[in-house]
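Be aware that the sequence shown starts at 53, since it is given in this note's numbering, and climbs by one per residue. A short worksheet on the structure shown next.
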Amino acid sequence: MDAERNVLIAANPKSGRGSTLELVAKLNHSLQACGYRSQVITNLDQLQCTAIKLLQKHRLTAVVSAGGDGTISTLANLLPQDIPLMIFPLGTENLLARYWGLTTDIAAACNTLRSGRVVQMDVGLANGKLFLVMLSCGFDAAVVHCMHARRVGPIRRWMYAGPILKSLTRYKYPNMAWTEVCGLVPQEHQAAWIFVFNVPRYAAALDFCPLANPLDGRLDVCTFQGSGLWKGLYYLAYLWRGQHESLPDNTHRQVRKMTIQAPIDTNGQPIEVPYQIDGDPGGMLPLTIELQPGRLRLLVPEVCQTSDPIAVESVALA
């Protein structure tokens, strides 16, 4: 066995629908059969230490993220940026994996490690933490915070019903001031709903920014100005039909850097507004968001099996 061909499989036992450890074990066995020295690691400290040691010895082929969007985001924040990462999607939505055409087909995963391409993908940086797919603040972030506060295992879509109902009774839909930092004159804006996309993917197949491209050196910002639950349902109906960009109170901008301020109440006190990063809780406003061009080295199939034309073109040019 070639000692230079080490692969670490970072397994998140909380990801997916039910137990995923058996599938991870099959992947590990197949990689070893292909000649890789692979091992499954579930402890992040151990993973980081092992990966850095192998990298320093030039013996690390890649780290496989066996989990969901939160798992690959965690690894991007944890590991040195010159380590190639590959996704073996075992989460609930798997937005980034779906964008690049990555599946749980074990033979395809082995083939991607053996002959795939490395894409130098842009990522976002939010208050010092990287995000790969998207970020939002407001009502949907409140749902994410509520969901993860009660999470004890794999997430299924029906589990969001409780957090959604709870957030409906508590979230106040305040307007948020945000600033597009560009050149010498920053541009000031207001919105009640703010979504920032690096990759054009969102849960329930909603297309906020269908032309967002993680290789174009820009983040795509989609905002809605109307406040309140009924406005949210109105926007949702247009999103489902793909017609939201026709609304007068919807805006779409491309930025490299932006800030979002915490709203202030009538007493001059900041209102707590949560934000979420790649489907995981991020924190509370304020936020500073910056683009990190080409920060992530992602292994993708040589022939990209995705319906997204931008992803196909990106792989073809990689």
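Don't be surprised by glycine CBs; every beta carbon is placed ideally from N, CA and C.
- With 16 or more other CB atoms across the displayed protein chains lying within 10 angstroms of its CB, residue 195 is buried.
- Sixteen is the threshold: when 16 or more other Cβ atoms of the shown chains lie within 10 Å of the Cβ of residue 59, as they do, the residue is buried.
- Contact between residue 77 and residue 118 does not hold, since the beta-carbon distance rounds to 10 Å and is not under 8 Å.
- Distance between residue 113 and residue 163, taken at the CA atoms: about 13 Å.
- Residue 181 sits in a strand when the DSSP states are folded into three classes.
- Just measuring C-alpha positions, the residue of 141, 285, 277 and 282 sitting nearest residue 300 is 277.
- For residue 74, the enclosing alpha helix (DSSP H) begins and ends at 73-85.
- Using a Cβ-Cβ distance cut-off of 8 Å, the segment 267-282 and the segment 146-158 are not in contact, since fewer than three pairs of beta carbons, one from each stretch, lie closer than that value.
- Using a Cβ distance threshold of 9 Å, residue 131 and residue 116 do not count as a contacting pair.
- The alpha-carbon separation between residue 346 and residue 172 amounts to approximately 5 Å.
- Pairing residue 133 with residue 319, the inter-Cα distance amounts to about 44 Å.
- Residue pairing by DSSP puts residue 169 in a beta bridge opposite 352.
- Counting only the Cα atoms, residue 232 lies some 8 Å from residue 308.
- When Cβ pairs closer than 8 Å are counted between the two stretches, the segment 179-195 is seen not to touch the segment 91-107, the count staying below three.
- Boundaries of the beta strand (DSSP E) around residue 274: 271-276.
- Within the same chain, 247, 260, 261 and 304 come within 6 Å of residue 274 by CB-CB distance, once the 5 residues on both sides are set aside.
- Here residue 189 is bridged, per DSSP, to 246 and 327.
- Rounded to the nearest angstrom, the gap between the Cα atoms of residue 73 and residue 302 is 43 Å.
- Counting only unbroken stretches of 4 or more residues, the alpha helix (DSSP H) elements lying wholly within the segment 107-134 are 121-130, in sequence order.
- Going by DSSP, residue 334 is part of the beta strand (DSSP E) stretching over 332-336.
- Residue range 302-307 is occupied by the beta strand (DSSP E) that includes residue 305.
- Its chain contains 117, 137, 139, 148 and 184 as the residues whose beta carbon lies nearer than 7 Å to that of residue 124, once the 5 sequence neighbours on both sides are disregarded; these appear in chain order.
- At least 9 Å separates the beta-carbon of residue 325 from that of residue 333.
- Distance check between residue 330 and each of 85, 111, 120 and 90 places 120 closest, using alpha-carbon atoms only.
- For residue 310, the closest alpha carbon among the candidates 363, 157 and 238 is that of 238.
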